[in-house]
Amino acid sequence: MTKVHTLKEQQELRLEISFDETIKVQLMTGTAEVFGCELLERKEYTFTSCKVPIFTWHGCTITITGECTNYIGEGVEMYKYLNTHTALENIRKKAREDSNLNGPRVLITGPPSCGKNSLSRILLNYAIRMGNSPLFVDLDPNQNEIGVPGTINVMPINKPIYPNEGYSLASPLSYFFGSINCSDNLDYYKILCQKLAQSIDERIELDEAARTSGIVVNTIGCIEKSGLDLLKFIIKTFGIEYVIVIGDERLSNMLSNLTLEPKKIKKEEEIKNEKEEENEIKKEEEKEKEKEKEKEKEKEKEKEKEKEKEKEKEKEKETKEIVEPKKVQIIQLKKSGGVVVIDEKERKTIRRILYKRYFYGITQNLKPSSMSTSWDGLGLFKIKYLEQAPEGALPFGKRSKLDPINVKRISPSSKLDFHIGAISFAKSTKKEDLLTTNIAGFIRITKIDEKRRRITYISPSSRALPSQIIIFGQLTWYSD
């Protein structure tokens with residue numbers, strides 16, 4: 001069944017496609033975009049189990065084949081999203097003109113179900129259309145858009161994010177957290193964030209396109225005090241300069257006084273010592289000048305005064321490194337009318353779809369390989385999430401001595417059935433390497449044969465595992 005929809009300028013056709021349902025969309029006339037990515041005229045786009053906003057600036061005609069809930073709304077917030085992109089593009093332009101400047105570091109936050117993922121895609125696609133290659137950082141282990149749930153990732157975006165394809169999984173840098181909730185182990189989550197931020201800084205130093213294009217960071221839904229404290233930590237760790245808050249004026253107000261400290265700051269003691277050394281040098285110069293003729297001495301004194309003035313000017317430039325920390329800019333935006341609030345049951349279904357997408361492709365056009373191997377020679381490890389006593393239960397000023405971050409070697413057993421395993425690039429089995437080394441990819445355990453000492457698993461690749469180290473957390477996927 002095919003329906004035709006005619007949209008006026010600045011209207012949005014909002015499609016809500018049920019889970020495991022598929023529709024086909026075609027742009028017949030005019031221009032339209034999905035999350036900032038332009039649709040090609042007469043090209044057929046297939047969408048499965050998702051929500052799709054088709055926006056037009058100048059009007060268009062759309063055909064839909066298949067059953068889905070749909071309605072036309074006014075895309076009033078798109079103007080503000082475009083203005084935000086324009087402001088960020090001006091910063092990128094300055095960075096291209098001045099090698100001492102970098103592209104914008106942007107973080108998007110807000111309460112759950114406010115449209116953070118949607119705005120991330122819009123800003124990234126608009127940046128791509130202007131010839132940029134920004135880095136996209138997804139710190140949400142609950143519904144990670146780049147990898148799979150239970151991870152945090154960064155990847156360069158150098159081509160449009162097509163609405164029916166999602167993010168390319170060709171070159172992400174992924175770290176395995178092993179849980180969908182940051183609160184399960186905040187200390188470990190923070191360590192991975194620091195590791196990811198370090199990798200980003202190194203990339204920006206070497207990649208001119210990344211330096212000028214900047215980064216866009218998607219975060220978890222910010223609720224309660226612990227979420228606010230974590231958000232502030234992320235802003236500091238990634239050197240965020242611009243925070244976009246969607247649909248939460250209270251959160252905007254709580255973040256309004258955040259500051260950024262310059263990376264290079266000279267201490268006052270260092271400046272004082274430099275001045276004392278300069279004064280000693282000047283005294284020695286004065287003694288030498290006393291031996292000269294009076295007239296020459298006077299002339300030299302005049303020259304010295306001029307030099308002093310020049311030195312003071314130079315010193316002022318150096319001491320400008322000691323400045324008041326730069327204030328983080330807060331950008332308040334309203335939630336789009338097309339954003340749909342989802343409950344925990346729907347989130348669970350979305351995570352299932354994300355796992356399935358990794359192994360089978362976004363349109364289920366891929367076929368993962370089912371493989372079996374002896375577990376001899378494999379190093380199987382599991383991250384342990386130790387519960388710590390709350391600070392209120394400890395003596396004042398004391399912290400628990402238990403290490404909340406731990407990983408243990410495990411023996412294969414049927415308890416691993418249906419678990420998601422991360423293939424680690426770790427070069428050793430030391431705790432630090434296992435927990436903080438990025439990962440190559442994922443497998444799903446389908447069967448543990450304890451009698452034959454073999455592990456059966458599915459993998460996106462038919463090749464042998466790139467590493468013998470496999471790390472597990474709390475992630476499971478019971479397929480359809």
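Quick note, the sequence shown lines up with residues 1 to 480 if you use UniProt numbering.
Even glycine gets a Cβ: it sits at the ideal position worked out from N, Cα and C.
Remember, it's a predicted structure, so these values are computed and weren't measured experimentally.
Contact set for Lys-334: own chain, Cβ-Cβ below 7 Å, skip 5 residues either direction: Glu-77 and Gly-247
At the level of alpha carbons, what is the spacing between Ser-467 and Leu-82? 44 Å
Going by DSSP in three states, Gln-468 sits in which element: helix, strand or coil? Residue state, collapsed to three classes: coil.
Counting pairs of Cβ atoms below 8 Å between the segment 56-67 and the segment 107-126, do you hit three or more? no
Would you call the segment 365-381 and the segment 409-429 touching, i.e. three or more CB-CB distances under 8 Å? Segments in contact, yes.
Between the alpha carbons of Tyr-45 and Leu-255, how many angstroms are there, rounded? 40 Å
In chain order, what residues of the same chain have a beta carbon less than 7 Å from the beta carbon of Pro-368, not counting five sequence neighbours either side? Residues of the same chain with a CB within less than 7 Å of the CB of Pro-368, apart from the 5 flanking positions on each side, are Phe-359, Tyr-360, Ile-458, Ser-459 and Pro-460 in chain order.
Rounded to whole angstroms, what is the Cα-Cα separation between Lys-384 and Lys-408? 7 Å
Helix or strand or just coil, what does DSSP make of Gly-441? strand
Can you name the residues that DSSP bridges to Ala-422? Phe-442 and Ile-471
Taking all protein chains shown into account, decide if Gln-198 is buried (16 or more other Cβ within 10 angstroms of its Cβ) or exposed. Taking all protein chains in view, the Cβ of Gln-198 is surrounded by fewer than 16 other Cβ atoms within 10 Å, so the residue is classified as exposed.
Ser-459 lies in the beta strand (DSSP E); which residues open and close that run? Element bounds for Ser-459: 454-459.
Rank Ile-146, Pro-141 and Asn-142 by C-alpha distance to the C-alpha of Arg-121 and give the top, closest one. It is Ile-146 whose Cα lies nearest to the Cα of Arg-121.
Given Phe-35, which residues of its chain have a CB within under 8 Å of its CB, disregarding the five upstream and five downstream residues? Pro-53, Ser-118, Arg-121, Ile-122, Asn-125, Ile-161 and Pro-163
Let me know the secondary structure DSSP gives Lys-233 once reduced to three states. The amino acid at residue 233 is misidentified as Lys; the sequence shows Phe. Here Phe-233 sits in helix by DSSP.
What three-state label does DSSP hand Phe-359 in the structure shown? helix
For Glu-241, which three-state DSSP category applies? coil
CA-CA distance, Gln-474 and Arg-452? Spanning the two alpha carbons is a distance of roughly 26 Å.
Limits of the unbroken beta strand (DSSP E) element including Ser-479: Unbroken run through Ser-479: none, as it is neither H nor E.
Is it buried or exposed, Ser-479, if we count other Cβ atoms within 10 angstroms and call 16 or more buried? The residue in question, Ser-479, is exposed, as its Cβ has fewer than 16 Cβ neighbours within 10 Å.
Work out the CA separation of Ala-127 and Lys-326 for me, nearest whole Å. 25 Å
Buried versus exposed, by CB contacts within 10 Å (16 or more), Ser-462: exposed
Could you give the first and the last residue of the continuous beta strand (DSSP E) run that contains Met-1? Met-1 -> no beta strand (DSSP E), and no H or E assigned at all.
Considering just the uninterrupted stretch of the beta strand (DSSP E) at Gln-332, what are its terminal residues? 329-333
Can you tell me where the alpha helix (DSSP H) holding Lys-94 begins and where it ends? Element bounds for Lys-94: 77-97.
Would the segment 81-96 and the segment 226-233 be scored as touching if the rule is three or more Cβ pairs under 8 Å? In short, these stretches do not touch, since the Cβ pair count stays below three.
Take Ser-133 and list the residues in its own chain whose beta-carbon comes closer than 6 Å to its own, dropping the five residues that flank it on each side. Excluding sequence neighbours, Ser-133 sits near Pro-156, Asn-158, Ala-209 and Ser-213.
Report buried or exposed for His-58, applying the criterion of at least 16 other Cβ atoms within 10 angstroms of its Cβ. Counting Cβ neighbours within 10 Å, His-58 comes out exposed, since fewer than 16 surround it.
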